[in-house]
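Here the working numbering is used: the first residue of the sequence shown is 5, the next is one more, and so on.
Each residue gets a CB set at the ideal place from its N, CA and C atoms; glycine is no exception.
Notes to accompany the following structure.
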Amino acid sequence: MKQLFIRIMCAVAALLAAIGASAGKAEPRHLTADSVFIKLPVDVIQVLNVSSRMDMLDYYRNDSIYRAPNLPGGESCLRRVTPSYLEAELTAVSTIQ
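This is the structure we're talking about:
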């Protein structure tokens, strides 16, 4: 679990650095929790592919909970999403914020 947290923080830092590097070249873009959730590399969230993450967000935005099948054979779902915060239940015993 600690390794997953470290990987996620590294991925978020890399995304922030990439956005910061391109900020002077184009108009600034706002970084939101849902955009980071979608753009996280598959090796950071190994149990969910990008397509499943996008489906989860689409359903959440339409006031519905989508329980996406995950790699271990269980289900993943979004618990809470705001522009600056996202909490997802990846497995029955792990979450990501």
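Close-in-space but distant-in-sequence residues of the same chain around residue i (CB under 6 Å, 5 per side omitted)
i: residue 36; result: 87
i: residue 77; result: none
i: residue 82; result: 60, 64, 92
i: residue 84; result: 91
Contact with chain C by residue i, beta-carbon distance below 8 Å
i: residue 87; result: Of the protein chains in this structure there is only one, and it is not chain C.
Coil, strand or helix - residue i by DSSP
i: residue 90; result: strand
i: residue 100; result: strand
i: residue 112; result: The displayed coordinates of the chain run from 5 to 101. Any statement about residue 112 would go beyond what the structure contains.
Outcome for residue i when other beta-carbon atoms lying within 10 angstroms are tallied against a minimum of 16
i: residue 74; result: buried
i: residue 97; result: exposed
i: residue 55; result: exposed
Short Cβ contact (8 Å threshold) for residue i with residue j
i: residue 57; j: residue 69; result: no
Close Cβ partners of residue i (< 8 Å) along its chain, the five nearest in sequence each way excluded
i: residue 95; result: 51, 74, 76, 78, 80
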